[in-house]
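*Asks:* Order-wise, the sequence lines are chains D and W. Heads up, the first sequence is in my numbering, so the first residue is 1213 and it goes up one at a time. Heads up, the second sequence is in my numbering, so the first residue is 356 and it goes up one at a time.
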Amino acid sequence: MTLRIMAIDIQKIRGQFPTLVDASRRPYVFLDTAASSLTPRPVIEAMGRFYTDFRANVHRGMYTDSLRATEAYEAARSKVAGFIGAEAEEIVFTRGATESLNVAARGLAEGLGPGDEVVITIMEHHANLIPWQQLADRSGFTLRFLPLGEDFRLDMEAARQTIGPRTKVVAFMAVSNVLGTVNPTEELIALAKAQGAATVIDVAQAAGHLPLDVTSWDCDFLALSGHKMYGPTGIGILYGKRPRLEAMEPQTFGGDMILEVTKERSTWNRIPWKFEAGTPHIAGAIGLAAAIGFVEEIGIEEVVRAEERLAAHALERLQSVPGLRLYGPAGGVRGGALSFAVDDIHPHDMADLLSKQGICVRGGHHCAMPLMRELGIVGTTRASLGIYNTEQDIEDLIQAIHEAKRIFG
Amino acid sequence: MSDDTNRHQVGSQELYRQNILDHNRHPRNKRRMEDASVTHRELNFSCGDDIELFVRTEGNRVADASFDGHGCAISQAAVSMLTEHVHGRGIDELENLTDEEMGQLLGVEVGPARRTCAMLGLEALRQALKKLREDI
Ligand SMILES: Cc1ncc(COP(=O)(O)O)c(C=O)c1O
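#1: For D/N1389, count the other beta carbons within 10 Å of its own beta carbon; 16 or more makes it buried, fewer makes it exposed. Which is it?
#2: Starting from W/R469, find everything on chain D with Cβ-Cβ shorter than 8 Å and list it in chain order.
#3: Whole angstroms is fine: what's the gap from D/H1421's alpha carbon to D/E1508's?
#4: Return the chain-ordered list of same chain residues with a C-beta closer than 8 Å to the C-beta of D/G1227, the five sequence neighbours on each side being excluded.
#5: Report yes or no: is there a C-beta of chain D within less than 8 Å of the C-beta of W/S435?
#6: Under the DSSP definition of a beta bridge, which residues are partnered with D/A1572?
#7: With W/V465 as the anchor, note down where its beta strand (DSSP E) starts and where it stops.
#8: Going straight from the alpha carbon of W/G403 to that of W/L484, what length do you get?
#9: Out of W/H425, W/G458 and W/E389, which has the shortest C-alpha to C-alpha gap to W/H440?
#10: Cα separation between D/I1256 and D/P1444?
#11: Rounded to the nearest angstrom, what separates W/N361 and W/E464 at their Cα positions?
#12: Near D/V1516, which residues of its chain fall below 8 Å by C-beta distance, leaving aside the five closest residues on each side in sequence?
#13: I'd like to confirm something about D/A1316: is its beta-carbon nearer than 7 Å to some heavy atom of ligand 1, or not?
#14: For W/L477, would you say it is in contact with chain D, using Cβ-to-Cβ distances shorter than 8 Å as the test?
#15: Does W/G462 get closer than 8 Å to chain D when you measure Cβ to Cβ?
#16: Pull up the DSSP beta-bridge partners for W/H395, would you.
#17: In the DSSP assignment, find the unbroken alpha helix (DSSP H) run with D/W1344 in it and report its ends.
#18: Is W/S430 near ligand 1, judged by its Cβ being under 7 Å from some heavy atom?
#19: Within 8 Å (strictly less), CB to CB, does D/R1226 reach chain W?
#20: Output the distance between the C-alpha atoms of D/E1520 and W/R481, rounded to the nearest integer angstrom.
#21: Which residue wins for smallest C-alpha separation from D/I1449, given the options D/A1281, D/E1302, D/P1252 and D/G1490?
#22: Shortest alpha-carbon distance to W/E448 belongs to which of W/R470, W/R416 and W/C427?
#23: Out of curiosity, what's the CA-to-CA distance linking D/L1366 and D/G1588?
#24: Between which residues of its own chain and W/C427 is the CB-CB distance below 7 Å, once the five residues before and five after are set aside?
#25: Count the C-beta pairs between the stretch 1566–1576 of chain D and the stretch 1329–1336 of chain D that are closer than 8 Å, then say yes if the count reaches three, no if not.
#26: Which parts of the stretch 1286–1328 of chain D are runs of the beta strand (DSSP E), unbroken and 3 residues or longer, counting only runs that do not cross its ends?
#27: With DSSP collapsed to three states, give me the class of D/F1266.
#28: With a cut-off of 8 Å on the beta carbons, I'd call D/E1329 and D/T1379 a contact; round off their distance for me.
#29: Please confirm if W/S401 has its CB atom under 8 Å from at least one CB of chain D.
#30: Which residues in chain W have a C-beta closer than 9 Å to the C-beta of D/F1620? List them in chain order.
#31: If you drop the 5 nearest sequence neighbours on each side, which residues of the same chain put their C-beta closer than 7 Å to that of D/D1605?
#32: Could you compute how far the alpha carbon of D/H1271 sits from the alpha carbon of D/L1347?
#33: Does DSSP classify D/E1528 as helix, strand or coil?
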């Protein structure tokens, strides 16, 4: 345990991100971490070492490189497990949160039918909505939505009303990619457990920003993506509580996921491998582990503190802009997604005008169309924060918004 | 490469030139038409752009065109300009209106990120003219 007295050195952190130090790119203000974060050198280098030093497939070779690759791949699994408070065998590598959520939903929907209910929230990313919608159509269960209450937070009174004896699954995002709302994860899990319902937590926006602990949460499934937490694209994990994974049938078949295959039938490997058919994204897993190392080196508590401070500052600055409407909690505990609209400037025009000034943000529905409909808008402009962002970034954003207002004047 | 990127970034502030902003602020022919020969609604779900185009023909010419809807400045300005452009022109000619000509009407370089916005009105026109053909 190291004692940290000083605030983290953001400039030193920024120095590890190639695009942030590349002077030829400026002006360049990256405020789109909620879509995908930048990648620091240690992650890029760890992946590079796989390709340059021990490039071989896993689980299959007797030679040194293959053994090293297998070791690095399985060590990455243990690293992820430690990061979220799980056991290594409870970590299934996937392509990302979307695949993880699909696998969990299909697995859980196996036992569901008419009369059963799956409860999600109105703020879900399409990745935690469409799988349930599709499965509800096929299996006949009912999909129910928890609405928004005050200040863009979930209506917990409605949650208590909605989660009941018919509820078999409660699936929700820990942090909203649009509103920045931090949902009351523990309370929702408690409501689900009281009804014996399974829980699926989408931590795509929480990972790398807030501490995660599946043991204290006691949730059944958890999904995350590497590329939103300083890791590579194309890798993520599905955490499943051991008995859940053991009871769940694999959905993808092929090499590595089997024990024995005859002409007539096959038997499955142990967890987690029975869910990892085919050659996995070895470099991706190694990169994800390096990204966790990067976050742990800073210290997740320090990350939380720095991002909370910057988010509070950004909120204050944004609200000083005349004609700006914020879509998300105006204060209190919240994530780093800052959604807004200015005057009647369309979010795509705003995002475009900001990009012309070197500010990277996103405009649109952010894969949350039902939420947009609920809010009565077509989209928002969203700036989102990562550990490398500074007050100067916020100032540049504010100036650029003023310039956009002037142009549209 | 990054040099080019930067030049592009600064240069394409251009996209919001005065004429586009003007058409966005004061759209031409933005009205519903009771006696349209054909109408077509074109949606871009990912942007939330929504355009309904009205075309009244006389013989094989467009006598009047108008639109209704909402969306980003580029989509709205583009369709506004288009309604002016088609006025009095032959249907045959308009059926061959290309993306490039639409770009020339706008008078600015439209990057790939905004192409669908810029072409939404043109797409509506193409679909409307197709309906007209099928009706005949
Ligand atoms: C809350 C949330 N869930 C799920 C996803 C899907 O993640 P991915 O596209 O990496 O699979 C995202 C990404 O935008 C997200 O923000």
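Cβ coordinates follow ideal geometry from the N, Cα and C atoms, glycine included.
*Replies:* According to the data block:
#1: buried
#2: H1560 and D1564
#3: 11 Å
#4: V1233
#5: no
#6: According to the sequence shown, residue 1572 of chain D is Cys rather than Ala. Per DSSP, D/F1242.
#7: That residue, W/V465, is in no beta strand (DSSP E); it is neither H nor E in DSSP.
#8: 23 Å
#9: W/G458
#10: 8 Å
#11: In this predicted model, W/N361 has a pLDDT of only 39, less than 50, meaning its place in the structure is not dependable enough to derive any value.
#12: H1421, L1422 and P1423
#13: no
#14: no
#15: no
#16: W/L408
#17: I1342 to S1351
#18: no
#19: no
#20: 50 Å
#21: D/E1302
#22: W/R416
#23: 17 Å
#24: C402, D404 and C472
#25: no
#26: 1303–1306
#27: coil
#28: 5 Å
#29: yes
#30: Y371, L376, N379, R380 and A428
#31: V1241 and L1243
#32: 34 Å
#33: helix
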